[in-house]
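Numbering (this note's numbering), first residue to last: 337 to 524. Note that the Cβ used here is the ideal one computed from N, Cα and C, for glycine as well. Presented below is the structure to which this report refers.
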């Protein structure tokens, strides 16, 4: 085993430094698949990382631009993306052997081709996923957040909340919808 917090040698360290405050690097398991010899040149395989979750508030492409993909066997990565940065992120990850398998809210999920071989041929997905539209007045809609399929404990709505409502444009849209509904009800 090697420590998962081991410094990653990479040319543009400034990208890591600038994103350090907001970078959330979640590594579930990191194993060193090397033989026991002291000679690093006899390394059989690169260290394996099952999951990297990256949310660096817009610096994701800068981080991946200098990331030494060849030094790690990364199986899966979840990356917060935006419309502006999605193509740039894909331009960096797809040539490295990743396949985009899902977009969950603002996060894109990429799996390495090696990890794809380990996935079952037919994934077991729920029959339906119900959700509340942000800003809707309906409180009777049943919904299940996709994250619960990954066995997250606790009430995510209370613990995490809907982060999109913190976005000023979403708050403005929600206010406009509410005002329009109120104005319509006054006309009746």
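Asked, Found
"Those residues which DSSP pairs with residue 413 across a bridge", "388 and 446"
"Spatial distance of residue 409 from residue 507 (CA atoms)", "41 Å"
"Residue 435 beta carbon less than 8 Å from that of residue 452", "yes"
"Helix, strand or coil at residue 523 [DSSP, three-state]", "helix"
"Alpha-carbon to alpha-carbon, residue 426 and residue 413", "12 Å"
"Spatial distance of residue 454 from residue 394 (CA atoms)", "31 Å"
"Residue 434: first and last residue of the uninterrupted beta strand (DSSP E) it sits in", "434 to 440"
"Length of the line joining the Cα atoms of residue 447 and residue 385", "12 Å"
"Delimiting residues of the alpha helix (DSSP H) encompassing residue 400", "396 to 401"
"Close beta carbons around residue 416, own chain, < 6 Å, minus the five adjacent residues each side", "391, 442 and 443"
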